[in-house]
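Notes for the one structure printed next.
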């Protein structure tokens, strides 16, 4: 019983830290760095590094919580994040060796899918509710810079993990 309470306390603490880091990054960092999606990168990292499907449940909790602070319709971020993690995990199955360029490519692909899912869901919502005054799609430079900064952040996390652990990341199907 005490072990279960400790595990739940650690899980709650980790979720709180991810949530606070995401909110802090969005509201306090300057322009290119405020687009780092810490929550999505964390869960992509859990899928890659630990091959842990419990990241889906954690992503659902965090994305629904961060939806409260978003200007987008409620649930859009959660659905886009869960869809991205599922699709990106399927793509991870193709790669058996994770080098620095594979991590960068997979991070960029994950963020690309997240943006595509977000905009597709946003267009669907605005199609049914006819709120075209709120919808503004970003330009290609903005979109590419967001993908690059997030993929670079995932690559930095990979480099830091290689410094502190001797573990080589390989994919093993569950």
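Numbering (my numbering), first residue to last: 1 to 174.
Just so it is clear, CB atoms sit at the ideal spot from N, CA and C, and this is done for glycine as well.
This structure is a prediction, so every number in the text was calculated from the model and none was measured.
Checklist entry - Can you tell which of 15, 108, 164 has its C-alpha closest to the C-alpha of residue 143? => result 108
Item to check | Contact set for residue 133: own chain, Cβ-Cβ below 6 angstroms, skip 5 residues either direction | outcome: Reliability of the predicted coordinates at residue 133 is poor, the pLDDT of 49 falling under 50, and no value is obtained from them.
Checklist entry - Where do the N-terminal and C-terminal ends of the alpha helix (DSSP H) with residue 38 fall, by residue? => result 38-45
Checklist entry - Nearest-angstrom Cα distance between residue 159 and residue 100? => result 8 angstroms
Next on the checklist: Please state the DSSP three-state secondary structure of residue 93.
Outcome noted: coil
Item to check | Test: residue 14 CB closer than 9 angstroms to a CB of chain C | outcome: The structure shown has no chain C; it contains just one protein chain.
Next on the checklist: To the nearest angstrom, how far is the alpha carbon of residue 152 from that of residue 127?
Outcome noted: 34 angstroms
Next on the checklist: Taking the beta carbon of residue 139 as the centre, do at least 16 other beta carbons fall within 10 Å, making it buried, or is it exposed?
Outcome noted: exposed
Checklist entry - Is the beta carbon of residue 54 less than 9 angstroms from the beta carbon of residue 81? => result no
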